[in-house]
Every structure is written in C-alpha cells, then in structure tokens.
Amino acid sequence: MQLIKITNDKQIPSIYTNTPISELISYQNLNAEFKAYNSAELLIGMCMDNRKLLRIPENFAYIIRTGGANLRYSEFKVSYAIANWWS
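Going by our numbering, the first residue of the sequence shown is number -8, and it counts up by one from there.
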C-alpha cells in the first residue's frame, strides 16, 4: 500500500467510488459541498487530540476519540454505532 496524491475526484481509486470513503476524501481534501445526512455513514476512530479536526457534515460519521485512536476499550461505543447504523 502506498500514499497517493488526490487533487480531484477522478483520482479517487475506483474501489472507493460512490462510497462513504470517497465522500470523506471529497469533504476533507477537495472541499466538496456538504450534503445532509440523517444517519452516520462511517465510524471513524481518531486520536483524542482536539487540535485535529475533520471537515465533514453533521451526522456523516460517528467519531470515537481515544488515545492513539485505540478502540480496544471502546466496545460499547463501537457496538452502539454499528447497531444504530443497521437500524
């Protein structure tokens, strides 16, 4: 696996086209206009450092912030996010 530079939506790998991953890339890196979401599309684990921010619309993702993005002791939070996604 290697990092690739994405400067437009045509450069997003085809396996991610029309998925929440492509939307995340578009929002975060390509300044795409926000759409409205009624429920989360992704579960994102990220570091608890509040200096790190994601540019995503409201309700787009569940975000669990833990030290080093370690979800080991966040079983309830992860299962809650999954249960709400399936409902």
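Using N, Cα and C, we set each Cβ at its ideal position, and we do this for glycine too.
These numbers were taken from a predicted model, which means no experiment stands behind them.
From the options, residue whose alpha carbon lies closest to that of residue i
i, options, result
"residue 40", "23, 47, 24, 61", "61"
"residue 29", "16, 36, 1, 48", "48"
"residue 19", "5, -1, 31, 38", "-1"
"residue -4", "10, 9, 21", "21"
"residue 10", "65, 64, 51", "51"
"residue 27", "35, 38, 58, 14", "14"
Residue i, enclosing alpha helix (DSSP H) - first and last residue
i, result
"residue 74", "66 to 77"
First and last residue of the uninterrupted beta strand (DSSP E) at residue i
i, result
"residue 90", "Residue 90 lies beyond the stretch modelled for the chain, which goes from -8 to 78, so this question has no answer here."
Alpha-carbon spacing of residue i relative to residue j, whole angstroms
i, j, result
"residue 16", "residue 3", "8 angstroms"
"residue 68", "residue 76", "12 angstroms"
"residue 56", "residue 33", "14 angstroms"
"residue -6", "residue 44", "20 angstroms"
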